[in-house]
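Visitor: In terms of the working numbering, the first sequence opens at residue 263 and continues consecutively. For each residue, glycine too, the CB sits at the ideal point set by N, CA and C. The following block contains the structure, expressed as structure tokens.
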Amino acid sequence: MNDLLSTLNERQREAVAATEGPLLILAGAGSGKTRVITVRIAYLIAERGVAPHNILAVTFTNKAAQEMRERVTKLIGGQKLSSAPLVSTFHSLCVRMLRRDIEKLEEGYTRSFTIYDQDDSVRVVKSCIKDLGYDDQRLAPRQTQGAISHAKNSGLDADSYAARVEAHDEKRAAIARVFKLYEERLVNNNALDFDDLLIKAVRLLRKREDVRAYYNERFRYILVDEYQDTNSLQFALIHFLTERQQNVCVVGDESQSIYRWRGADISNILNFEQHYPEARVIKLEQNYRSTQTILDAADAVIKHNTERKDKTLWTANPAGSPVRYYQAADAEGEARFVAAKIEEHRRADPTLRAAVLYRTNAQSRLFEEALRRAGIAYNIVGGFSFYERAEVRDIVSYLKLALNPHDSVALLRVVNTPTRGLGKQTLDDLYARAKDYGVSLWEAVGIVTTQGEGFSPRAVSALKKFQSIIEGLVARAQKESASEVVKAAILDTGYADALKAENSEEAESRLENLQELVNAAVDYDAEEGGGLRDFIDAAALVSDTDQYQMDAPVTLMTMHSAKGLEFPLVFIVGMEDGLFPHSRAAAEQAEMEEERRLAYVAITRAERFLYVTHAMRRRVYGEELASEPSQFLNEMPLELLEDLSRGASWLSFARNSSATEARHTARVLRGETSKQERRYGGKTYDSVDSIAEFFRQRGDQISRNAAAAKQSAQPDAPRQQPPPARTKATTRAGGAASSSTSSGGDFVPGTHVKHPKYGRGLVLRREGAGDSAKLTVSFPGFGQKKLVEKYAGLEKA
DNA sequence: GAACTTGCTGAATTG
DNA sequence: CAGCAAGTTC
């Protein structure tokens, strides 16, 4: 079967053929990573005679898993296989393991456990905060859930978290108590949150030799995709699974690590060779995806990061067209521009797929509107997914109860939906009773319906009604197919009737969504046939990125969601300081580097055409704010950019010599000059000559200042002060008023200054005079800011 | 007990 | 600006 390998280059072939022992594939963007993985699986089966069910491939999203499955099937051709390789996400792999063996953990969980998504977790956290008597203003449920999740991901349980709380830190002490109660409640509800899926699976492997042996025997060849995004739990999981055999192949690219904030540990990939001393390393450095120009832009940006493995991506592709740049007056104008350009491109080539990539989901709305107005069909990833719609969640809650009636979150959600006369008072009483007896809400329902417990006859009969509905569903779940139970959950509960009675358009569309849910279940029955249990598990584990449709002409999504995808035409929008890079990242170097990797990911999605845009004004929180171009624009070689803006733009400004020097100066300040020198199209930028020229022009004083600045960039120099607690995404138009220290005229270009928010900076430019004098100041790490001298509160540094 | 109104606060990225 | 929670009214 030589034709399997014939489509691959030499490195790729090596990566496929090195089947035995640990292997690290460092796969640069667009280097044919997925092809290598899929061919490798096919090769293992066809050439090495490995039984398919002995192969495990792990991905992060269902979409990636599904694509991989399809491609393997295609590669193997018509061959009938005795079994199939398991291609799964980390989370569904864990669910599989736990559904089989969770009882062996002896932590009180049974195999019919429920999975809580983030929304469910927050609800539980909220109830814990309330019941502990904390103020949910001071202890925001969302934040608290985030803190708990973060702790769990770093391997802490409630007790070890509590032990680490400093004596005086009341807030964290409160979180620790919430954490403890939260964990108890999950056990009581027989529920696991997303983090638990990994935690319990790892614990199971650690604790039980027999389980470990079973999986080591089963999975003889393991592949892990996007290895740079694995966290310590995922690492531990892989570690246990490869305990006996070391046939583990991990594929990743540390330049595309963008989930550090979620606990991804980049050292997993950086130290792979230490973890597996026998490891072989193969680098895939030829990019097949993008034009030379796009690759140059990406490369120039990522080179500003200090923390990276050395790897040079190259391509045999043509230079292609320049990166198109557009500065819009406001966010609406930016959206109009994008819509117009998409139309233009698609008129020339109707098959051209486009993506609009933004930093935050909130940015999507304007693009949706503009595209709709332009009559362009689009697909949106993220935001409200199908399974997040209230009506779908309601029905899913009924189904969850059918499988695990002790799930109190699900119970509370639907006990009075549709309304059946169970108001706040009754539920509070029920809740109190459950707490008194130390039982689940479902058991409390049972007690009240048999003993009365002093509840009003009306309440008792309503509860009885609810009870019989759930019992009916429980019975059905045991013998009927998923779609049958889904239908029952919509009809027998009175849910559909209540919607019909509303007789509104809104209700009509909800009914349609529920019909969709039924369709999904019917499909599931036909394809997987795993029953309601598996259907609900799958529904709980769908992710935003799973919504991506490969054939959609236009896709709107975050840059995060775009990882792993490619498009001939890409728009990176909202390239503004504070938005991208995000203001929350500005305080820490490591976070800034992650933002930069995100920029790298976004740029390298583009195959042929790349547009970068930003707006001068944007509404944030309903407030009009002025914004500056992103420093990432500044980090692209300006020669590669073509300015499509109307009138003067930041780019035209940057291209005149003084601004170019400003760029150099900013780099000098960050001590970054020596490594950055590089040639683009025969022209040099960042040349030592022009920096020298710059200093000659500015005179001796500046050279001295620059030298001082360079010193302050040393590691032992005092760190710049942290930003204020609430940094707005952009600087307020008109400037923040504060004490005016200046007597005017002090801050000529070249002066080093100190700003209350941004720390040290260098004045690049001065416009106007007197009270209206405006300064352009470059702050290392914050980019350039335009400040009104009078209000800026600047001091000489 | 349910529908409506006001007022407040908060959104970075995700399985 | 928008979504949600508490308060207000029927």
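Could you check which residue in D691, F629, V747, Y699 has the C-alpha nearest to that of V722?
Guide: In the first sequence, the residue the question calls residue 722 occupies position 460. Residue D691 is the option with its Cα nearest to V722.
Visitor: DSSP three-state call for P719: helix, strand or coil?
Guide: Taking the first residue of the first sequence as 1, we reach residue 719 at position 457. Note: P719 maps to helix in three-state DSSP.
Visitor: Between the beta-carbon of L661 and the beta-carbon of A751, is there less than 8 Å?
Guide: The sequence position of residue 661 within the first sequence is 399, counting from 1. The sequence position of residue 751 within the first sequence is 489, counting from 1. Closer than 8 Å, so yes.
Visitor: Taking all protein chains shown into account, decide if A602 is buried (16 or more other Cβ within 10 angstroms of its Cβ) or exposed.
Guide: Counted from its first residue, the first sequence places residue 602 at position 340. Result: exposed.
Visitor: How is the alpha helix (DSSP H) around S215 delimited, first residue to last?
Guide: A question about residue 215 goes unanswered here, because the residues of the chain that appear run from 263 up to 1059.
Visitor: Could you name the residues of the same chain whose beta carbon sits closer than 7 Å to that of Q554, not counting the 5 residues immediately before and after it, in chain order?
Guide: One-based indexing of the first sequence puts residue 554 at position 292. Taken in chain order, the residues that qualify are T577, N579, P580, A581, G582.
Visitor: Just the C-alpha distance for L355 and F322, rounded to the nearest angstrom, thanks.
Guide: Working through the first sequence from its first residue, we reach residue 355 at position 93. Working through the first sequence from its first residue, we reach residue 322 at position 60. Taking the straight line from one Cα to the other gives about 11 Å.
Visitor: So who's on the other strand from I834, going by DSSP bridges?
Guide: The sequence position of residue 834 within the first sequence is 572, counting from 1. Beta-bridge pairing links I834 to L619, V874.
Visitor: Throw me the rounded Cβ distance for the V671 and N451 pair, which I believe falls under 8 Å.
Guide: Position 409 of the first sequence, counted from the start, is the residue given in the question as residue 671. Position 189 of the first sequence, counted from the start, is the residue given in the question as residue 451. With a Cβ gap of about 7 Å, V671 and N451 count as contacting.
Visitor: Within a Cβ cutoff of 7 Å, which residues of the same chain sit near A327, ignoring the five residues on either side of it in sequence?
Guide: Residue 327 sits at position 65 when you count from the first residue of the first sequence. Excluding positions up to five away in sequence, the list reads T321, V349, S350, T351.
Visitor: Let me know the secondary structure DSSP gives T755 once reduced to three states.
Guide: Position 493 of the first sequence, counting from 1, holds the residue named residue 755. Coil at T755, not helix or strand.
Visitor: Less than 8 Å between the beta carbons of G683 and A636, yes or no?
Guide: Here residue 683 corresponds to residue number 421 of the first sequence, with the count starting at 1. Here residue 636 corresponds to residue number 374 of the first sequence, with the count starting at 1. No.
Visitor: Tell me I520's beta-bridge partners as DSSP assigns them.
Guide: On the first sequence, residue 520 is found 258 positions in, with the first residue counted as 1. According to DSSP, which records beta bridges pairwise, I520 is partnered with nothing at all.
Visitor: Under DSSP, the beta strand (DSSP E) around D592 begins and ends at which residues?
Guide: Indexing the first sequence from 1 puts residue 592 at position 330. D592 -> beta strand (DSSP E) spans 585–592.
Visitor: Which same chain residues end up closer than 7 Å to E569 when comparing Cβ atoms and leaving out the 5 residues on each side of it in sequence?
Guide: Your numbering for residue 569 matches position 307 in the first sequence. Here the set comprises E855.
Visitor: Anyone know if the C-beta pair for P584 and E904 falls short of 8 Å?
Guide: Start at 1 with the first residue of the first sequence, and residue 584 comes out as number 322. Start at 1 with the first residue of the first sequence, and residue 904 comes out as number 642. Yes; because the gap between Cβ atoms is below 8 Å, this pair is in contact.
Visitor: Roughly how many angstroms lie between the CA atoms of R609 and A639, to the nearest whole one?
Guide: Looking up residue 609 in the first sequence gives position 347. Looking up residue 639 in the first sequence gives position 377. Cα-Cα distance, rounded: 14 Å.
Visitor: Return the first residue and the last residue of the beta strand (DSSP E) that V510 is part of.
Guide: For this step, residue 510 is matched to residue 248 along the first sequence. Per DSSP, V510 belongs to the beta strand (DSSP E) from 510–514.
Visitor: Let me confirm a value: E505 is counted as buried when at least 16 other C-beta atoms fall within 10 Å, else exposed. Which label applies?
Guide: Along the first sequence, read from residue 1 onward, the residue named residue 505 stands at position 243. Answer is exposed; the Cβ neighbour count stays below 16.
Visitor: Are P680 and G756 closer than 8 Å when you measure CB to CB?
Guide: What you label residue 680 is simply residue 418 of the first sequence in a count that begins at 1. What you label residue 756 is simply residue 494 of the first sequence in a count that begins at 1. Result yes, Cβ atoms of P680 and G756 sit closer than 8 Å.
Visitor: Once the 5 residues before and after D808 are set aside, which same chain residues still bring their CB inside 7 Å of it?
Guide: As a position in the first sequence, residue 808 is number 546, starting the count at 1. For D808, where only same-chain residues beyond five positions count, the Cβ hits under 7 Å are T323, N324, K325.
Visitor: State the DSSP-derived secondary structure class of R880, mapped to helix, strand or coil.
Guide: Counting from 1 along the first sequence, the entry for residue 880 is found at position 618. In the structure shown, R880 sits in a strand (DSSP, three-state: E or B).
Visitor: Cβ of D515 within 8 Å of Cβ of L288?
Guide: Position 253 of the first sequence holds residue 515. Position 26 of the first sequence holds residue 288. Yes, Cβ-Cβ distance for D515 and L288 is below 8 Å.
Visitor: Determine, using beta carbons only, whether V618 and V643 come nearer to each other than 8 Å.
Guide: As a first step, residue 618 must be located in the first sequence, where it is residue number 356. As a first step, residue 643 must be located in the first sequence, where it is residue number 381. No, the Cβ-Cβ distance between V618 and V643 is not below 8 Å.
Visitor: Whole angstroms are fine: how far does the CA of A868 sit from the CA of V707?
Guide: Numbered from 1 along the first sequence, position 445 holds the residue referred to as residue 707. Numbered from 1 along the first sequence, position 606 holds the residue referred to as residue 868. About 57 Å.
Visitor: So, with DSSP's three-state summary, where would you put I638?
Guide: Within the first sequence, the letter at position 376 stands for residue 638. It is coil, neither helix nor strand.
Visitor: Do you know offhand how far L360's Cα is from A463's?
Guide: By one-based count along the first sequence, residue 360 stands at place 98. By one-based count along the first sequence, residue 463 stands at place 201. Going by the C-alpha atoms only, they are around 6 Å apart.
Visitor: Ordered along the chain, which non-local residues of its own chain (more than five positions away) have a Cβ less than 8 Å from that of L443?
Guide: Position 181 of the first sequence holds residue 443. So the qualifying residues of the chain are C390, D393, L394.
Visitor: Quick check: N549 and S293, are their CB atoms within less than 8 Å of each other?
Guide: Counting from one through the first sequence, the residue named residue 549 turns up at place 287. Counting from one through the first sequence, the residue named residue 293 turns up at place 31. Yes, the Cβ-Cβ distance between N549 and S293 is below 8 Å.
Visitor: Just to confirm the assignment, what range does the alpha helix (DSSP H) spanning L423 have?
Guide: To locate residue 423, count along the first sequence from 1; it is residue 161. Residue identity differs from the one stated: residue 423 is Tyr in this sequence, not Leu. Segment 420–425, the alpha helix (DSSP H) holding Y423.
Visitor: Per DSSP, L485 forms a beta bridge with which residues?
Guide: As a working mapping, residue 485 is identified with position 223 in the first sequence. DSSP, once it has assigned bridges, lists A319, C511 as partnering L485.
Visitor: What three-state label does DSSP hand E850 in the structure shown?
Guide: Along the first sequence, one-based indexing puts residue 850 at 588. Of the three classes helix, strand and coil, the one that applies to E850 here is coil, per DSSP.
Visitor: Report yes if the C-beta distance between N316 and R482 is below 8 Å; otherwise report no.
Guide: The residue given as residue 316 occupies position 54 in the first sequence. The residue given as residue 482 occupies position 220 in the first sequence. For N316 and R482, yes; Cβs fall inside 8 Å.
Visitor: Ends of the beta strand (DSSP E) at T820?
Guide: Counting from 1 along the first sequence, the entry for residue 820 is found at position 558. Run containing T820: 816–820, per the beta strand (DSSP E) assignment.
Visitor: Excluding five sequence neighbours on each side, which residues of the same chain lie with their C-beta closer than 6 Å to the C-beta of D265?
Guide: In the first sequence, the residue the question calls residue 265 occupies position 3. Excluding positions up to five away in sequence, the list is empty.
Visitor: Distance, Cα to Cα, Y862 vs L900?
Guide: Taking the first residue of the first sequence as 1, we reach residue 862 at position 600. Taking the first residue of the first sequence as 1, we reach residue 900 at position 638. Taking the straight line joining both Cα atoms gives about 16 Å.
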